[in-house]
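Number of protein chains: 2
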Amino acid sequence: MPERRYTVRFEPDGVSIDVYREAENLLRVAMVAGVHINASCGGAGTCGKCKVRILEGEYRSQHSSKLTQDEWDKGYRLACQTEIVGDLVVEVPVESRYEKDVLGRRPDHVLRAARFQKEYEGIVPEPAVAKFYVELPEPTADNNMSDMGRLGQALKREHELDKVSTDYTVLRDLPAVLREGGWKATATVMRTHRSHRIVRVEPGDTRGRTFALAIDVGTTTIHGALLDVNTGAEVARAADYNAQVSMGEDVITRIIAALKPGGLEALQKRAVKTINGVLKELLAKAEAEAGDISHAVFAGNTTMTQLLLGVNPKYIREAPYVPAANFFPPFRLADLGIRVPPHVMGYVMPCVASYVGGDITAGVLATGMHTDPRLTLFMDVGTNGEIVIGNQDWMVSASASAGPAFEGGGVKFGMRATYGAIEQVRINPENLEPMILTIGQVPPKGICGSAMIDCLAEFVETGIITQNGKFNRELASRTDRIREGENGWEYVLCWKDQTQLDQDITIIEPDIDNLIRTKGSIYSACSVLLKSVGLHFSDIERIIIAGGFGQFIDVEKAMAIGLLPETDPERVAYGGNTSLAGCEMAALHRDRIDEAEQIATMITNIELSASNMYMEEYVAALFLPHTRMEEFPREAERIRLAQQIRAQ
Amino acid sequence: MPERRYTVRFEPDGVSIDVYREAENLLRVAMVAGVHINASCGGAGTCGKCKVRILEGEYRSQHSSKLTQDEWDKGYRLACQTEIVGDLVVEVPVESRYEKDVLGRRPDHVLRAARFQKEYEGIVPEPAVAKFYVELPEPTADNNMSDMGRLGQALKREHELDKVSTDYTVLRDLPAVLREGGWKATATVMRTHRSHRIVRVEPGDTRGRTFALAIDVGTTTIHGALLDVNTGAEVARAADYNAQVSMGEDVITRIIAALKPGGLEALQKRAVKTINGVLKELLAKAEAEAGDISHAVFAGNTTMTQLLLGVNPKYIREAPYVPAANFFPPFRLADLGIRVPPHVMGYVMPCVASYVGGDITAGVLATGMHTDPRLTLFMDVGTNGEIVIGNQDWMVSASASAGPAFEGGGVKFGMRATYGAIEQVRINPENLEPMILTIGQVPPKGICGSAMIDCLAEFVETGIITQNGKFNRELASRTDRIREGENGWEYVLCWKDQTQLDQDITIIEPDIDNLIRTKGSIYSACSVLLKSVGLHFSDIERIIIAGGFGQFIDVEKAMAIGLLPETDPERVAYGGNTSLAGCEMAALHRDRIDEAEQIATMITNIELSASNMYMEEYVAALFLPHTRMEEFPREAERIRLAQQIRAQ
């Protein structure tokens, strides 16, 4: 845990919260503390609604035309324009606050990235491709064995590497390289259980600068990391949108695009183009050269993996959903057009099935659930939702064709979690006014996944929508935010003049339907997986949420809408980009490559599309939080209380 | 042994010879029988000197202006224009014949190609790269494993192939290929002890047409053979001059050419160009497609091997003569520009040392001497002379920098063994007139290696030269063929008007010096090798002569000049192109590839350039046949008799 820096107390509720970062934003802290402050512009400082009065403590705050000199002198500030640099006591004005406790208070629980691979920490890197330095005896008339023979002998003698082979691209320069280095050389060796293959020989001792590349090839985003294999440290990280996006948002449209003439090649080139951009940024950040890279590890879902390698993905899409392969041989990065020297070999994380790919295998590896006795639910929510349930003894997986709702697809103002996306929403149950925060605290231009979860949870708890996702039209008389627009009934999250758009940002009923279908498909997939092994949600000892999506969600809210099973939030951890983390581990430790293969072999995939049980479960999950309310006692109580209050 | 067809008896000597080929040339048969018939034009029918009278039997003969009608009617014919089609009795005219017996007759012994690999005959081919046909269960919802997994399972179940891997180039088309063939497919699998690698998958059953390629990359000539791996039969053979020749005649000049900018690439391209030409011819002859080829095996000397693979050969030439490698990994032919599909992998015969290459390893493999208890001397005479001595328990090798004299280099009228080359020479000891035969029986344009050996032997036995290779000027008074020309003393082998040139074809003293140095370096290399293991020439149980050169030499004459040790000619066998034969064996049987590696490992190479003993032996061998005349008792006796006769 990071160290506490400051404490902020909000009055008159007396709610206190610890702040861990210097210069944290006051509105954001209020959001985390569960203190409602009206905020309409996402924290951009333009609506002037988030006025608070700072009673005590040190802070920095921007002047604002929204505040009079008199207000300023009395200590009023815009919360969104205020940075916390000391312990504070803050008074929330009456127009913002409400009697929250009556609502059966739901603690906010923002996930923190967890590190699961404790057991691997402190272990000296032992990468599959490693450099070995040798000093060779100079050839003489009595000892004029071949250069390669001499090198092989030294590798055996000094590093116990036997069965050493190479390819002719290495042999081509070997004579010159050995002599250039005065018979001192560094061999980059690819190690398997069965053999050792020299992929490169450099003059002199080049061990000092050796990096491994980890690349997570996501459908939407390609993430990369550069690792110093001498220390095991991550020296740079970079990401960019997968340039394939312009040829289709999800794997299905990409597969369709791949079937057109030249489509597969075009998709491959776009992925490679993005990888080259990410690589360039990584090298610049680390001040490294492409020639310093010894090897790479890639992970992607099955479609991304096949597209990267140029393997026809056609049958991934057609029943019975057969991938070309689950295990992919190492490949030469340069063969694909990735701008590294020809010696750089890439390992590919093995896939489990057509819709449970190498990113999931890498994710399981990163979480260590395959070596952990606890029953774990691993969930990677992106375009699809992939789920793995199990422990060190067994694992089952499934893919829920969740749809990209949480990534912004099928939602009118949906967008990815980038600048200007509304990422957090609270609604004042009394006046139904929202408190919204955007990424970057700029005026909003859309809504990202975490805010959609917030909206669903807040809507249902404030009665704005019913449990089957329909707007409560009776409330329209109480607020102009609930209205009938051109797409039917909707809630206005942000008025046009506060946005970057020229229209109000709203949530419409079809958005809500989509979100319910998405969360329902994920929950029911978990449910079917558990039933298939004779277990229940209550048996799950921990939940790990992976992927960019998970980073910002409020766990309790995700439980409130029935995306996650209702359990102790402390059991839920955010795994971050576990796909990239798994690649990094495999890049540093060759045993992890073997483990990844074991994981892919160990996981039994269950094809939900073929399951009647899944359809039943899915229909049951199309309710907020679920038709089986007994599985969500806390949320049931909150809804009951809210109804009670409204009825008063 | 082939079946005898006819018998020819030459009168008045009464010498009989069996003829094994239909329509054999009478002059050629006389030559083999050791019957001297004057012949100046190489058998072209232009000099008219080889008149004989046919007393009995069937023959076909061309009319010639050199014969009068009267002569024709009496049965006179030009021997060189006569084909034998029945048993013959032939009278040699007095002007041709001489009392040969007085000279201590040396039986002619033309080598026959021997087959050594009897033990391998009849064995079903078991190539390293083989096709396996499988019928796969169609995927269903219950069995939707990956295409590659399905294929791997079938290969294991039906063919017991485990640890199957592939590369992404195969995966790319795998989904389409399996479905095109209706789940029936043929996998081409590269087998090693440790793993099985699928290099290609084709729809349906393609086992019927599968060929392997064997290529001997010679410094001068590239020979190729195409083998049907289903039957083991050689279905085509082709050869062409190595296009590298224009960049240098021997390995040393090629290495120098490779060091120039772009030189290595240019040399590689030329070898590949020649291979492509040979391949095209092979495919045309066999009516096969490049796509029918499953794999290839290459052999060449160390320099040729490195040039083919584009590996810098610089240090082969510089003391202490270190090759880049002796063992070369399999390579993808298409990577080098050889026009075959990308799946075709090439194996490279391992080398022993810088000047004992894969052609020698292949040669030893072909002769089976590594599995034979008999002490064998294996000799491949080309530009260099490579020698291996040993048996199933041990082998030593050496390379004698013989120089290309026997290939025509450093000999004024020297040429390779092609049309118009004088290939056989006999000299009438009484009048010193020659009997010459050319390849193709066209007018001569030069002298090839076998004729040079003949000349040396005949010259020394007829006293034309002394045992240290100088012309016996006293004989000039007896014949105008011995004369002082612009290059000093010489013997006229063919007068200008009988040649394709506009000058007399002669042998000059520097030619003789060169030939003596060449034969001396080979003999002394054998001698040093034997001494290094404590053995003598008399311990050798068989001699195998390999290479194009060996095909035409007269064994007894090679002994007469001290190129070969004087032993029972029956112990000498001609191996033919043992390098190509070894490649063919390795292409058909994967165990032979292992054996080749064992051979290369087993042979101890002795670097003669570093050996004082070699210099002593070499100097001792610069004599005809040798300064140690006791090692050549038969030739010593012949020389003694000849001197006696001349002294009379």
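Line by line, the protein sequences give chains A and B.
Taken in order, the first sequence gives residues 1177 to 1824; the numbers are from this note's numbering.
Taken in order, the second sequence gives residues 1177 to 1824; the numbers are from this note's numbering.
Note that CB positions come from ideal geometry on N, CA and C, so glycine has one too.
**Prompt:** Are residue 1348/B and residue 1214/A closer than 8 Å when you measure CB to CB?
**Reply:** In the second sequence, the residue the question calls residue 1348/B occupies position 172. In the first sequence, the residue the question calls residue 1214/A occupies position 38. Cβ atoms of residue 1348/B and residue 1214/A: not closer than 8 Å.
**Request:** Counting only the same chain and skipping the five closest in sequence on each side, list residues whose C-beta sits under 8 Å from that of residue 1199/B.
**Result:** Numbered from its first residue, the second sequence carries residue 1199/B at position 23. For residue 1199/B, where only same-chain residues beyond five positions count, the Cβ hits under 8 Å are 1236, 1259, 1260 and 1261.
**Request:** Less than 8 Å between the CB atoms is what I'm expecting for residue 1748/B and residue 1572/B, so what's the real figure, rounded?
**Result:** Here residue 1748/B is taken as the residue at index 572 of the second sequence, counted from 1. Here residue 1572/B is taken as the residue at index 396 of the second sequence, counted from 1. Incorrect: roughly 20 Å between the Cβ atoms, too far for contact.
**Request:** Below 8 Å on the Cβ atoms is my guess for residue 1766/B versus residue 1370/A; work out the distance and round it to an integer in Å.
**Result:** If you number the second sequence from 1, residue 1766/B lands on position 590. If you number the first sequence from 1, residue 1370/A lands on position 194. Incorrect: roughly 17 Å between the Cβ atoms, too far for contact.
**Item:** Start-to-end residues for the beta strand (DSSP E) that takes in residue 1599/A
**Value:** Translated into positions along the first sequence, residue 1599/A becomes position 423. It spans 1597 to 1603 - the beta strand (DSSP E) in which residue 1599/A sits, taken as one unbroken run.
**Message:** So that I know if they touch, is there some Cβ in chain A lying closer than 8 Å to that of residue 1289/B?
**Reply:** Within the second sequence, residue 1289/B is the residue found at index 113, counting from 1. With a pLDDT of 44 at residue 1289/B, under the threshold of 50, the predicted position of this residue should be treated as unreliable, and no value is reported.
**Item:** Coil, strand or helix - residue 1354/A by DSSP
**Value:** Here residue 1354/A refers to the residue found at position 178 when the first sequence is read from its first residue. Residue state, collapsed to three classes: helix.
**Message:** To test your reading of the DSSP string, which unbroken alpha helix (DSSP H) runs of 4 or more residues are found completely within the stretch 1179 to 1252 of chain A?
**Reply:** As far as the stretch 1179 to 1252 of chain A is concerned, its whole alpha helix (DSSP H) runs of at least 4 residues are 1202 to 1209 and 1245 to 1249.
**Asked** For residue 1577/B, which residues from the same chain have a beta carbon less than 7 Å from its beta carbon, with the 5 sequence-adjacent residues on both sides left out?
**Response** Reading the second sequence from its first residue, position 401 is the one you call residue 1577/B. Excluding positions up to five away in sequence, the list reads 1560 and 1697.
**Asked** What are the start and end residues of each continuous alpha helix (DSSP H) run of 4 or more residues lying completely inside the stretch 1662 to 1722 of chain B, in chain order?
**Response** 1685 to 1708
**Request:** Have a look at the DSSP bridge pairing and note the partners of residue 1554/A.
**Result:** As a first step, residue 1554/A must be located in the first sequence, where it is residue number 378. BP columns for residue 1554/A point to 1564/A and 1720/A.
**Asked** In this structure, what does DSSP give as the bridge partners for residue 1537/A?
**Response** In the first sequence, counting from the first residue as 1, residue 1537/A sits at position 361. Its beta-bridge partners do not exist; DSSP assigns none.
**Message:** Taking DSSP's pairing of strands, which residues face residue 1656/B in a bridge?
**Reply:** The sequence position of residue 1656/B within the second sequence is 480, counting from 1. Bridge partners of residue 1656/B: none, in fact.
**Prompt:** Going by C-alpha distance, which of 1537/B, 1682/B, 1191/B and 1713/B is nearest residue 1768/B?
**Reply:** Mapped onto the second sequence, residue 1768/B falls at position 592. When each option's Cα is compared against that of residue 1768/B, the closest is 1537/B.
**Request:** Run the CB neighbour count on residue 1497/B, radius 10 Å, all protein chains shown included, and call it buried at 16 or more, exposed below.
**Result:** Indexing the second sequence from 1 puts residue 1497/B at position 321. With 16 or more Cβ atoms within 10 Å of its Cβ, residue 1497/B is classed as buried.
**Contact set for residue 1679/A: own chain, Cβ-Cβ below 8 Å, skip 5 residues either direction** = Looking up residue 1679/A in the first sequence gives position 503. Closer than 8 Å at the Cβ level, and outside the excluded window around residue 1679/A, lie 1672.
**Item:** Chain-order list of residues whose beta-carbon lies under 7 Å from that of residue 1739/B (same chain, five-residue window excluded)
**Value:** In the second sequence, the residue the question calls residue 1739/B occupies position 563. Correct list, in chain order: 1629, 1695, 1698 and 1699.
**Prompt:** Is the stretch 1381 to 1392 of chain B touching the stretch 1461 to 1474 of chain B in the sense that three or more CB pairs, one from each, lie closer than 8 Å?
**Reply:** When C-beta atoms of the stretch 1461 to 1474 of chain B are compared with those of the stretch 1381 to 1392 of chain B, three or more pairs fall below 8 Å, so the two segments count as touching.
**Prompt:** Can you find a C-beta in chain B that's less than 8 Å from the C-beta of residue 1474/A?
**Reply:** Translated into positions along the first sequence, residue 1474/A becomes position 298. Answer no: the Cβ-Cβ gap between residue 1474/A and chain B never drops below 8 Å.
**Message:** So within the stretch 1461 to 1511 of chain A, which uninterrupted beta strand (DSSP E) runs reach at least 3 residues, ignoring any that extend past its ends?
**Reply:** 1469 to 1476
**Message:** Buried or exposed, going by whether 16 or more other CB atoms sit within 10 Å of the CB of residue 1814/A?
**Reply:** Start at 1 with the first residue of the first sequence, and residue 1814/A comes out as number 638. Counting Cβ neighbours within 10 Å, residue 1814/A comes out buried, since at least 16 surround it.
**Request:** Return the residue from the list 1582/B, 1755/B, 1539/B and 1693/B that minimises the CA-CA distance to residue 1794/B.
**Result:** As a working mapping, residue 1794/B is identified with position 618 in the second sequence. In terms of CA proximity to residue 1794/B, 1693/B leads the group 1582/B, 1755/B, 1539/B and 1693/B.
**Request:** For chain B, find out if any of its Cβ atoms is closer than 8 Å to the Cβ of residue 1316/A; answer yes or no.
**Result:** As a working mapping, residue 1316/A is identified with position 140 in the first sequence. Yes, because at least one Cβ of chain B sits closer than 8 Å to the Cβ of residue 1316/A.
**Item:** Exposed unless 16 or more other CB atoms sit within 10 angstroms - verdict on residue 1644/A
**Value:** Numbered from its first residue, the first sequence carries residue 1644/A at position 468. The residue is exposed, with fewer than 16 neighbouring Cβ atoms inside 10 Å.
**Prompt:** In the DSSP assignment, what residue or residues form a beta bridge with residue 1781/B?
**Reply:** Stepping through the second sequence from its first residue, residue 1781/B is reached at position 605. Answer by DSSP bridge pairing, in chain order: 1573/B.
**Asked** With respect to the alpha helix (DSSP H) encompassing residue 1630/A, which residues constitute its N-terminal and C-terminal limits?
**Response** For this step, residue 1630/A is matched to residue 454 along the first sequence. 1625 to 1637 is the extent of the alpha helix (DSSP H) around residue 1630/A.
**Item:** Option in 1221/B, 1524/B, 1424/B and 1554/B with minimal Cα separation from residue 1716/B
**Value:** In the second sequence, residue 1716/B corresponds to position 540, counting from 1. Measuring from the Cα of residue 1716/B, the nearest candidate turns out to be 1554/B.
**Request:** Look at the alpha carbon of residue 1588/A and the alpha carbon of residue 1690/A, and state the distance between them as a whole number of angstroms.
**Result:** Your numbering for residue 1588/A matches position 412 in the first sequence. Your numbering for residue 1690/A matches position 514 in the first sequence. Here the alpha carbons of residue 1690/A and residue 1588/A stand approximately 10 Å from one another.
**Asked** In chain A, what lies closer than 7 Å to residue 1805/B by C-beta?
**Response** Here residue 1805/B refers to the residue found at position 629 of the second sequence. Under the 7 Å cutoff, chain A gives no residues; its nearest Cβ is about 33 Å from residue 1805/B.
**Request:** Determine, using beta-carbon pairs with one atom in the stretch 1461 to 1470 of chain A and one in the stretch 1513 to 1527 of chain A, whether at least three such pairs fall under 8 Å.
**Result:** yes
**Asked** Who does residue 1315/B pair with in a DSSP beta bridge?
**Response** On the second sequence, residue 1315/B is found 139 positions in, with the first residue counted as 1. DSSP output for residue 1315/B lists no bridge partner at all.
**Request:** Can you pull the chain B residues whose beta carbon is under 8 Å from the beta carbon of residue 1783/A, in chain order?
**Result:** As a position in the first sequence, residue 1783/A is number 607, starting the count at 1. Residues of chain B whose Cβ lies closer than 8 Å to the Cβ of residue 1783/A are, in chain order, 1317 and 1320.
**Message:** According to DSSP, simplified to helix, strand and coil, what is residue 1295/A?
**Reply:** Position 119 of the first sequence, counted from the first residue, corresponds to residue 1295/A. The pLDDT assigned to residue 1295/A is 46, lower than 50, so where the model puts this residue is not dependable; a value taken from the coordinates is nonetheless given after this. Of the three classes helix, strand and coil, the one that applies to residue 1295/A here is helix, per DSSP.
**Prompt:** Run through DSSP, which three-state label would residue 1394/A get?
**Reply:** To locate residue 1394/A, count along the first sequence from 1; it is residue 218. Here residue 1394/A sits in coil by DSSP.
**Request:** Evaluate the contact criterion for the stretch 1313 to 1331 of chain A versus the stretch 1403 to 1414 of chain A: three or more CB pairs, one atom per stretch, below 8 Å.
**Result:** no
**Message:** For residue 1368/B, tell me which candidate among 1317/B, 1499/B, 1505/B and 1446/B has the shortest Cα-Cα distance.
**Reply:** Looking up residue 1368/B in the second sequence gives position 192. Selected option, being the one with the closest Cα: 1505/B.
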